[in-house]
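Chemist: Here the protein sequences come in this chain order: X and E. Counting from 1, position 184 in the first sequence corresponds to residue 184 in our numbering; the numbering is continuous, with no gaps. So our numbering is basically just the index in the second sequence, starting at one, shifted up by 1000. Dumping the structure here so I can ask a few things about it.
2 protein chains.
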Amino acid sequence: MRIAALSRATGVPVATLKYYLREGLLHPGAATAVNQAAYDDSHVRRVRLVRTLVELGRLSIADVAAVVAAVEDEDVPIHDTFGITQDAMVHDVHRGAHADTSEPESAHRLVDELVARHGLQVRPDAAVRDMLADALVHLAGMGVIDLLDHSSPLAAQGTALLDSLVVWFRDMAAVEIASVPETDRAAMVEYTVVGTVVIETAMAAIRRMALEDASHRRFADAPARTRARSGPATRR
Amino acid sequence: MRIAALSRATGVPVATLKYYLREGLLHPGAATAVNQAAYDDSHVRRVRLVRTLVELGRLSIADVAAVVAAVEDEDVPIHDTFGITQDAMVHDVHRGAHADTSEPESAHRLVDELVARHGLQVRPDAAVRDMLADALVHLAGMGVIDLLDHSSPLAAQGTALLDSLVVWFRDMAAVEIASVPETDRAAMVEYTVVGTVVIETAMAAIRRMALEDASHRRFADAPARTRARSGPATRR
Chain X
1 MRIAALSRAT
11 GVPVATLKYY
21 LREGLLHPGA
31 ATAVNQAAYD
41 DSHVRRVRLV
51 RTLVELGRLS
61 IADVAAVVAA
71 VEDEDVPIHD
81 TFGITQDAMV
91 HDVHRGAHAD
101 TSEPESAHRL
111 VDELVARHGL
121 QVRPDAAVRD
131 MLADALVHLA
141 GMGVIDLLDH
151 SSPLAAQGTA
161 LLDSLVVWFR
171 DMAAVEIASV
181 PETDRAAMVE
191 YTVVGTVVIE
201 TAMAAIRRMA
211 LEDASHRRFA
221 DAPARTRARS
231 GPATRR
Chain E
1001 MRIAALSRAT
1011 GVPVATLKYY
1021 LREGLLHPGA
1031 ATAVNQAAYD
1041 DSHVRRVRLV
1051 RTLVELGRLS
1061 IADVAAVVAA
1071 VEDEDVPIHD
1081 TFGITQDAMV
1091 HDVHRGAHAD
1101 TSEPESAHRL
1111 VDELVARHGL
1121 QVRPDAAVRD
1131 MLADALVHLA
1141 GMGVIDLLDH
1151 SSPLAAQGTA
1161 LLDSLVVWFR
1171 DMAAVEIASV
1181 PETDRAAMVE
1191 YTVVGTVVIE
1201 TAMAAIRRMA
1211 LEDASHRRFA
1221 DAPARTRARS
1231 GPATRR
């Protein structure tokens, strides 16, 4: 097919496809004439992978290029390709965050201990470790559960919660990874990206609903000073 | 304090503070002279709220303005302010997604049923409903667990998983919302934003670690065609 047909098949504008070609995200088509090339199903699948990485994974173009390179290089084992993809999906904001305080060290130690305690096979330099450490530093900053302060009475409770999350997610992950189809490498990476992001989104949405419900129960009918002035109690 | 001191106290550049003032995200200081104003602790707290909404909540400036307006208007009950904030935190990509297919209807029905089955107090027009429906449509598109297809043998299993997530998160949310301090409105909103985003991040990170672990167990030692060419098995 010509580039216009590839655009129709994928819903991606021709200008964007040309950009992908220039950046090496999309492999060239077979040259059929000067300034003309033929594209096939492999291009359709690749464009779909790139869109998934950009839209669902929210990867930068540079990160997409790294993932695509790993997908293309069949010398890179598929598990390593997943690792490269997972690293690229960790938002920059979590990398090297809080380097100016002493907290990241204790947060990273807590993460290392958690990984070791459960015997998780997670690379020592996996970006997801920074992601969790960053969240723990923010959590400590909130002043509710400071897992980083071992003298806090809630630290043990917080650690127990982390442990139960690991157990819960390990069981879920085994089922999810077992369902990855052994098709071509690009399809496998696309599947894991969609699986990672979509189930994350679904879980976050359900948790937010539970928070709204809990907020309703605590705050909606509270006779707040400002409540009396705000009109009927049914207003929401 | 002058604006330079406010900048030092918050770590936000003067130019950004002036932008916040122009956009109404930050209330004006007390005029002390022509072109000079004095800022106080309320400004420090407000800047912190805005930074939290932008950096952790990833809100647009327009959405931050809506949240700030709700925080400032004491006629808006605090639970409604939480709702406005939660709506603003749902990424645009989830709103009105997939409007071109028939799937959103069945996805929204599934969400409505879930909310009703558990008696969750979630506003009928809460953006988080779109967020969950969008995730379910994507999940169906993956072809593993299609919750939208009632004839699928896995649909019942998937629904049971959603139910268990609601129960799990409802218990967690009750504890979290109970810990919201009854301080000033801005602090309460900041607390819920940080709590929503930070715990989401921590959970996502732990799940991703579990996925890497499961991927390692399934794929790292598999004698793949490409594995043999890739060097020693310890390479990761």
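Think of the CB as a built atom: it goes at the ideal place given N, C-alpha and C, for glycine as much as any other residue.
Shorter than 8 Å from the beta carbon of I61/X to some beta carbon of chain E?
Modeler: No, its Cβ sits nowhere closer than 8 Å to a Cβ of chain E.
Chemist: Tell me which residues share the same chain as V1115/E and place their Cβ nearer than 7 Å to its Cβ, disregarding the 5 neighbours each side in the sequence.
Modeler: Cβ within range, chain order: V1122.
Chemist: Should the region 1019–1037 of chain E be regarded as contacting the region 1045–1055 of chain E, the criterion being three or more beta carbon pairs within less than 8 Å?
Modeler: At 8 Å Cβ cutoff, the stretches touch.
Chemist: Just to confirm the assignment, what range does the alpha helix (DSSP H) spanning Q157/X have?
Modeler: Here the alpha helix (DSSP H) through Q157/X covers A155 to A178.
Chemist: Considering only the beta carbon of each residue, do I3/X and S1215/E sit closer than 8 Å?
Modeler: No.
Chemist: Distance check for L1056/E and A210/X, CA to CA, integer angstroms please.
Modeler: If I take the Cα positions, the gap works out to 20 Å.
Chemist: Determine, for Y1191/E, whether the minimum Cβ-Cβ distance to residues of chain X falls below 8 Å.
Modeler: Judged by the 8 Å Cβ criterion, Y1191/E is in contact with chain X.
Chemist: At 9 Å on the CB atoms, spell out the chain X contacts of S1215/E, in chain order.
Modeler: Near S1215/E (Cβ distances below 9 Å), the residues of chain X are I78, H79, F82, G83, Q86, Q121, A173, I177, V180 and T192.
Chemist: Let me make sure I understand the geometry here. Which of S1151/E, V1193/E, D1112/E and A1205/E has the alpha-carbon closest to that of R208/X?
Modeler: The shortest C-alpha separation from R208/X is found at V1193/E.
Chemist: CB L136/X to CB L147/X, shorter than 8 Å?
Modeler: Yes; because the gap between Cβ atoms is below 8 Å, this pair is in contact.
Chemist: Is the beta carbon of A1069/E less than 8 Å from the beta carbon of D1080/E?
Modeler: For A1069/E and D1080/E, no; Cβs fall outside 8 Å.
Chemist: Measure the alpha-carbon distance for A88/X versus A155/X and round it to whole angstroms.
Modeler: Looking at the two C-alpha atoms, the distance is approximately 31 Å.
Chemist: State the Cα-Cα distance for the pair D213/X and T183/X, rounded to the nearest angstrom.
Modeler: One C-alpha to the other measures close to 42 Å.
Chemist: What does a CB cutoff of less than 6 Å around D63/X pick up in its chain, not counting 5 residues either side in sequence?
Modeler: Answer for D63/X: A88, listed in chain order.
Chemist: In or out: G962/E buried (at least 16 other Cβ within 10 Å) or exposed?
Modeler: Lying before the first or after the last residue shown, residue 962/E is absent from chain E, which here runs from 1001 to 1236.
Chemist: Let's test the definition: count the other Cβ atoms within 10 Å of the Cβ of P7/X and tell me whether it reaches 16, buried, or not, exposed.
Modeler: The amino acid occupying residue 7/X in the given sequence is Ser; Pro does not appear at that position. Buried, because 16 or more other Cβ atoms sit within 10 Å of the Cβ of S7/X.
Chemist: List the residues that DSSP assigns as beta-bridge partners of A1070/E.
Modeler: Its beta-bridge partners do not exist; DSSP assigns none.
Chemist: What is the DSSP secondary structure of A37/X, reduced to helix, strand or coil?
Modeler: Three-state result, A37/X: strand.
Chemist: When the distance is taken between beta carbons, is T201/X closer than 8 Å to M1131/E?
Modeler: Yes, they are a contact pair.
Chemist: Pick out whichever of G141/X, L162/X, P77/X and H91/X has its Cα sitting closest to the Cα of R117/X.
Modeler: Considering only alpha carbons, the answer is L162/X.
Chemist: According to DSSP, what are the bridge partners of A31/X?
Modeler: Per DSSP, A37/X.
Chemist: Classify V90/X as buried or exposed, calling it buried when 16 or more other Cβ atoms lie within 10 Å of its own Cβ.
Modeler: Result: buried.
Chemist: Can L1139/E and V198/X be called in contact, C-beta distance under 8 Å?
Modeler: For L1139/E and V198/X, yes; Cβs fall inside 8 Å.
Chemist: According to DSSP, is M1001/E helix, strand or coil?
Modeler: M1001/E: coil per DSSP, three-state reduction.
Chemist: With a threshold of 7 Å on Cβ separation, who are the neighbours of L152/X within its own chain once the five nearest residues in sequence on each side are excluded?
Modeler: Per the sequence presented here, residue 152/X reads as Ser, with Leu not at that position. Within the same chain, S152/X has close Cβ partners D146.
Chemist: Going along the chain, which residues of the region 192–213 of chain X sit with their C-beta nearer than 9 Å to a C-beta in chain E?
Modeler: Going along the region 192–213 of chain X in chain order, one finds T192, V194, G195, T196, V197, V198, I199, E200, T201, A202, M203, A204, A205, I206, R207, R208, M209, A210, L211, E212 and D213 with a Cβ nearer than 9 Å to chain E.
Chemist: Measuring alpha carbon to alpha carbon, tell me which residue in G83/X, T32/X, R129/X and M1/X is nearest E105/X.
Modeler: Minimum Cα distance to E105/X is reached at R129/X.
Chemist: Beta-carbon of P232/X versus every beta-carbon of chain E: anything under 8 Å?
Modeler: Bear in mind that the predicted position of P232/X carries a pLDDT of just 46, short of 50, making it too unreliable to give a figure here.
Chemist: Buried or exposed: which applies to R229/X, given that a residue is buried once 16 or more other Cβ atoms fall within 10 Å of its Cβ?
Modeler: Here the model assigns R229/X a pLDDT of 41, short of 50, so the residue's position is not dependable, and the following value carries that caveat. By the 10 Å Cβ count, R229/X comes out exposed.
Chemist: Using alpha carbons as the reference points, say which of A1205/E, M1188/E and F1219/E lies closest to V1067/E.
Modeler: Considering only alpha carbons, the answer is M1188/E.
Chemist: Which word fits V111/X, buried or exposed, when buried means at least 16 other C-beta atoms lie within 10 angstroms of its C-beta?
Modeler: With 16 or more Cβ atoms within 10 Å of its Cβ, V111/X is classed as buried.
Chemist: Taking C-alpha atoms, which residue in R1170/E, V1076/E, P1077/E and D1092/E lies nearest to G1119/E?
Modeler: Looking at the Cα atoms, R1170/E is the closest of the given residues.
Chemist: Kindly indicate the opening and closing residues of the alpha helix (DSSP H) around S1060/E.
Modeler: Per DSSP, S1060/E belongs to no alpha helix (DSSP H) and is neither H nor E.
Chemist: Against L1165/E, what residues of chain X qualify as contacts under a CB-to-CB distance less than 7 Å, listed in chain order?
Modeler: Within chain X, the residues near L1165/E are M203 and I206.
Chemist: Which same chain residues, not among the five before or five after A1186/E, have their C-beta less than 7 Å away from its C-beta?
Modeler: These residues qualify, in order along the chain: R1045, R1046, L1049 and V1071.
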